[in-house]
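K.L.:
Just dropping this structure here.
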Amino acid sequence: MYLSVNKVQPLHGEVEKWKDVIPKDHHRKTELHPRFVIQETAKRMGDEAIAVTDVGQHQIWTAQFFPFNRPRSFLSSGGLGTMGFGLGAAAGAKIASPRRPVVLFTGDGCFRMNCAEMATLVTYKIPVLIIIFNNRTLGMVRQWQKLFYESRYSETDLENRPPDFIRLAGAYGVSAHRAADEPAFLAALDQSLETIARGSPALIEALIDIDERVLPMVPGGAPIDEQILDVT
Numbered sequence: 015m016y017l018s019v020n021k022v023q024p025l026h027g028e029v030e031k032w033k034d035v036i037p038k039d040h041h042r043k044t045e046l047h048p049r050f051v052i053q054e055t056a057k058r059m060g061d062e063a064i065a066v067t068d069v070g071q072h073q074i075w076t077a078q079f080f081p082f083n084r085p086r087s088f089l090s091s092g093g094l095g096t097m098g099f100g101l102g103a104a105a106g107a108k109i110a111s112p113r114r115p116v117v118l119f120t121g122d123g124c125f126r127m128n129c130a131e132m133a134t135l136v137t138y139k140i141p142v143l144i145i146i147f148n149n150r151t152l153g154m155v156r157q158w159q160k161l162f163y164e165s166r167y168s169e170t171d172l173e174n175r176p177p178d179f180i181r182l183a184g185a186y187g188v189s190a191h192r193a194a195d196e197p198a199f200l201a202a203l204d205q206s207l208e209t210i211a212r213g214s215p216a217l218i219e220a221l222i223d224i225d226e227r228v229l230p231m232v233p234g235g236a237p238i239d240e241q242i243l244d245v246t
């Protein structure tokens, strides 16, 4: 089914209006905001960078904040919800395009699904940068539980559960750093980029707020024009 031209044009106008609305969450004053992490990484890695994601909040943040300036620069499983997709996809992207820097943005839930592939990165010297957004929860599910189920959290808490991602990376021989604020992240990013420039993978664990949110969002079953732009 196709929209007629006279219906498409008003829709495009509405979409342009939505683009002018910047959710307040994009500028939350937290120690380390996903927007800062993604934009600084993009700035340091340049226009040739390929960004890969797993599934969840970080997937949407990457789509929102990474300034894609050329085609074939974004690898994601889209709406398939494939947790664990990212690390293998990032390795494949680097092998296919060895001259382009590759960064994987993932979450602490997703990375558990396929973290053993760090052995592949080390064995075959695949210099991918891994950035884990660690909010110690299954963030997208928690966001839904908070907004629509009166904060009745169920099976989303990962607080104080293994693994320790820094020690895990070390066990595989991957250089790893942990950052909880902006200066620490920038220092970790500098060191990690030096590592991948030498032909080895690197990992940064970025500690973010447990209630960092993805906005705008569309509630389940609602039409696109009923999206939530801000949460007070």
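Each position in the sequence shown, counted from 1, maps to that position plus 14 in my numbering. Virtual Cβ for every residue (Gly too), placed ideally from N, Cα, C.
(1) Note down the Cα distance separating V188 from E30, rounded to an integer number of angstroms.
(2) Would you give the residue range spanned by the beta strand (DSSP E) that L147 belongs to?
(3) Assign W75 to one of two classes, buried (16 or more other C-beta atoms within 10 Å of its C-beta) or exposed (fewer than that).
(4) Quick check on the DSSP output: the alpha helix (DSSP H) that includes L182 runs from which residue to which?
(5) Based on Cα-Cα distance, which residue from T137, Q78 and D225 lies nearest to I36?
(6) Need the endpoints of the alpha helix (DSSP H) that I218 sits in, please.
(7) Assuming I64 is part of the beta strand (DSSP E), what are its boundary residues?
(8) What residues in its chain sit with their C-beta under 7 Å from that of L89, if we drop five residues either side in the sequence?
(9) Shortest alpha-carbon distance to L161 belongs to which of K57, Q73, T134 and V228?
(10) How would you write the range of the alpha helix (DSSP H) that G98 sits in, first residue to last?
(11) Measuring CB to CB, does F147 end up less than 8 Å from I222?
(12) Determine the DSSP secondary structure at V51, reduced to helix, strand or coil.
(13) List the endpoints of the continuous alpha helix (DSSP H) containing S206.
(14) Kindly indicate which three-state DSSP category D192 falls into: helix, strand or coil?
(15) What residue from C124, D178 and Q53 has the CA that sits closest to L152's CA?
(16) Under 8 Å, do V142 and A105 count as touching if we go by C-beta distance?
(17) List the whole-angstrom C-beta distance separating M132 from Y167, where the pair is believed to meet the contact cut-off of C-beta under 8 Å.
P.N.:
In brief:
(1) 43 Å
(2) This sequence places Phe at residue 147; Leu is not what is there. Per DSSP, F147 belongs to the beta strand (DSSP E) from L143 to N148.
(3) buried
(4) F179 to Y186
(5) Q78
(6) Note, I218: premise wrong, no alpha helix (DSSP H); beta strand (DSSP E) at A216 to L221.
(7) I64 to T67
(8) I64, V66, A103 and A107
(9) V228
(10) Careful: G98 lies outside any alpha helix (DSSP H) and carries neither H nor E.
(11) yes
(12) helix
(13) E196 to A211
(14) The displayed chain sequence assigns Arg, not Asp, to residue 192. Of the three classes helix, strand and coil, the one that applies to R192 here is strand, per DSSP.
(15) C124
(16) yes
(17) Not really, about 30 Å apart at Cβ, beyond 8 Å.
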